[in-house]
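Under our numbering, the residue at position 42 of the sequence shown is numbered 42, and the numbers go up by one with no gaps.
Positions of the beta carbon are idealized from the N, C-alpha and C atoms, including for glycine.
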Amino acid sequence: MRIWPLMALLLTASGVANPLLPYRADYQVWRGNSQLGSGYYQLQQQQDGLYSLDYQSKVGWLFLSDTRTEISEFRVNGTTLMPSKYRMKRSGTGPDFHASISFDWQLQRIDAQYRDERKQLPWSQPRFDPLSYQLQLRLDVARGDTDMLYPIVYKNKERDYRYKVVGKETLRLPFGTLDTIKVARDRGEGSSRQTYLWLALDHHHVLAKLIQYKDGDVQAELRLERLTFSEAATPPPAVRP
């Protein structure tokens, strides 16, 4: 008997959030009143206990285009993710580029590459890549954390991302009506950028919506359109508007 599907079924049946449940979430990408494209997140678990989180988006506006793919591979220790590999590729209008990060737990070293620049960073844990920290945030919010700090590697540099839970909201989205918990990125006083995200309370804290502002103007918005979980455990459907 495989333990994972049984545990997933029990967790869902009891109403306990399980952000590690494999899923795929599809999103519409908007800016203001214009839909620019689409994107998706997909979480999968391999037989050896390794997880992979994929993200892909494809957007276009007038003569501009942007296609991005990211994948993070990691293991889980308790409620903490242990990233092993990260890859990213961008193509479209302007220069194409790629990035990668390798976390070697045996040698305790982090090797990063952004464009053609390679860099070895000092080992410290926890440390995340630009994708795995997003799943770690879902895990932390699901267990009740309200003030989170994530050391990450981004463009060959070490950075700290801080997030805070700011409340709850009911949203009407292409997917349906969802009860969510709202989280804000704390960029510090004086920043011209703001980022807010909403996690679906009844759907294992999957990202329901994300908005990025610059100087008060919306730069990009993700709206949940479709959501499917593994066959082992399917959450209750959203209430349709």
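Who are residue i's beta bridge partners in DSSP?
{"i": "Arg193", "result": "Lys214"}
{"i": "His98", "result": "Lys89"}
{"i": "Lys155", "result": "Paired residue(s): none; Lys155 is not in a bridge."}
{"i": "Trp30", "result": "Gln35 and Glu221"}
{"i": "Arg118", "result": "Gln113"}
{"i": "Trp61", "result": "Leu64"}
{"i": "Asn77", "result": "Thr80"}
{"i": "Trp198", "result": "Lys182 and Lys209"}
{"i": "Leu50", "result": "Answer by DSSP bridge pairing: none, since Leu50 is not bridged."}
Taking just the CA atoms, how far does residue j sit from residue i?
{"i": "Thr170", "j": "Leu222", "result": "16 Å"}
{"i": "Lys164", "j": "Gln56", "result": "26 Å"}
{"i": "Leu53", "j": "Tyr154", "result": "17 Å"}
{"i": "Leu62", "j": "Tyr213", "result": "21 Å"}
{"i": "Arg187", "j": "Ser230", "result": "35 Å"}
{"i": "Asp111", "j": "His98", "result": "14 Å"}
{"i": "Asp202", "j": "Asn18", "result": "10 Å"}
{"i": "Ser84", "j": "Tyr114", "result": "17 Å"}
{"i": "Tyr51", "j": "His204", "result": "17 Å"}
{"i": "Thr195", "j": "Thr69", "result": "21 Å"}
{"i": "Ser91", "j": "Asp66", "result": "6 Å"}
{"i": "Tyr41", "j": "Ile101", "result": "19 Å"}
{"i": "Gln136", "j": "Thr79", "result": "8 Å"}
{"i": "Gly216", "j": "Ser191", "result": "11 Å"}
{"i": "Asp269", "j": "Leu173", "result": "Not covered by the structure: residue 269. The range shown for the chain is 1 to 241."}
{"i": "Asp145", "j": "Pro95", "result": "39 Å"}
{"i": "Pro151", "j": "Lys168", "result": "26 Å"}
{"i": "Asp129", "j": "Met88", "result": "10 Å"}
{"i": "Thr93", "j": "Lys119", "result": "27 Å"}
{"i": "Arg143", "j": "Gln108", "result": "29 Å"}
{"i": "Arg193", "j": "Arg185", "result": "9 Å"}
{"i": "Gly39", "j": "Gln134", "result": "15 Å"}
What I want to know is whether the C-beta of residue i ends up closer than 6 Å to one or more non-hydrogen atoms of the ligand ADP.
{"i": "Pro22", "result": "Ligands displayed in this structure: none; no statement on the ligand ADP is therefore possible."}
Looking only at its own chain, which residues have a Cβ that is under 7 Å from the Cβ of residue i, when we skip the five neighbours before and after it?
{"i": "Asp175", "result": "A small fix is needed here, since residue 175 is Phe in this sequence, not Asp. Excluding residues within five positions, the ones whose Cβ falls inside 7 Å are Leu224, Glu225, Arg226, Leu227 and Ala238."}
{"i": "Gly37", "result": "Val29, Ser57, Lys58, Val59 and Gly60"}
{"i": "Thr234", "result": "Note that Thr234 has pLDDT 35, beneath the 50 cutoff, so the model's placement of it is unreliable and the number below is only indicative. Cβ neighbours of Thr234 beyond the five flanking positions: none."}
{"i": "Leu121", "result": "Ile110, Ala112, Val153 and Glu158"}
{"i": "Gly49", "result": "Arg75"}
{"i": "Arg138", "result": "Pro19, Leu199 and His205"}
{"i": "Glu189", "result": "none"}
{"i": "Met1", "result": "Bear in mind that a pLDDT of 30 at Met1, under 50, signals an unreliable position, so the model cannot answer this."}
Can the beta-carbon of residue i be found less than 7 Å from the beta-carbon of residue j?
{"i": "Trp149", "j": "Arg162", "result": "The residue you asked about is not Trp; residue 149 is Leu in the sequence shown. The answer is yes: Cβ separation under 7 Å."}
{"i": "Ala208", "j": "Thr180", "result": "yes"}
{"i": "Leu199", "j": "Val141", "result": "yes"}
{"i": "Glu117", "j": "Asn77", "result": "no"}
CB-CB under 6 Å to residue i, same chain, minus the five flanking residues each way: which ones, in chain order?
{"i": "Val183", "result": "Tyr163, Val165 and Leu197"}
{"i": "Phe103", "result": "Pro83, Ser84 and Ile110"}
{"i": "Leu43", "result": "Pro22, Tyr23 and Leu53"}
{"i": "Leu210", "result": "Leu197 and Leu222"}
Only counting the same chain, and skipping five residues up and downstream in sequence, which positions put a Cβ closer than 8 Å to that of residue i?
{"i": "Phe46", "result": "The residue asked about is misnamed: residue 46 is Gln in this sequence, not Phe. Excluding sequence neighbours, Gln46 sits near Ser52."}
{"i": "Arg31", "result": "Trp61, Val218, Gln219, Ala220 and Glu221"}
{"i": "Ser132", "result": "Leu53, Ser72, Phe74, Leu81, Pro83 and Tyr86"}
{"i": "Asn33", "result": "none"}
{"i": "Gln35", "result": "Gln28 and Val29"}
{"i": "Trp105", "result": "Met82 and Ser84"}
Query raised in the report: Quick one: any contact between the segment 62-77 and the segment 115-125, if contact means 3 or more CB pairs under 8 Å?
Result: no
Query raised in the report: Is the segment 210-230 close to the segment 25-39, with three or more CB pairs under 8 Å?
Result: These segments touch.
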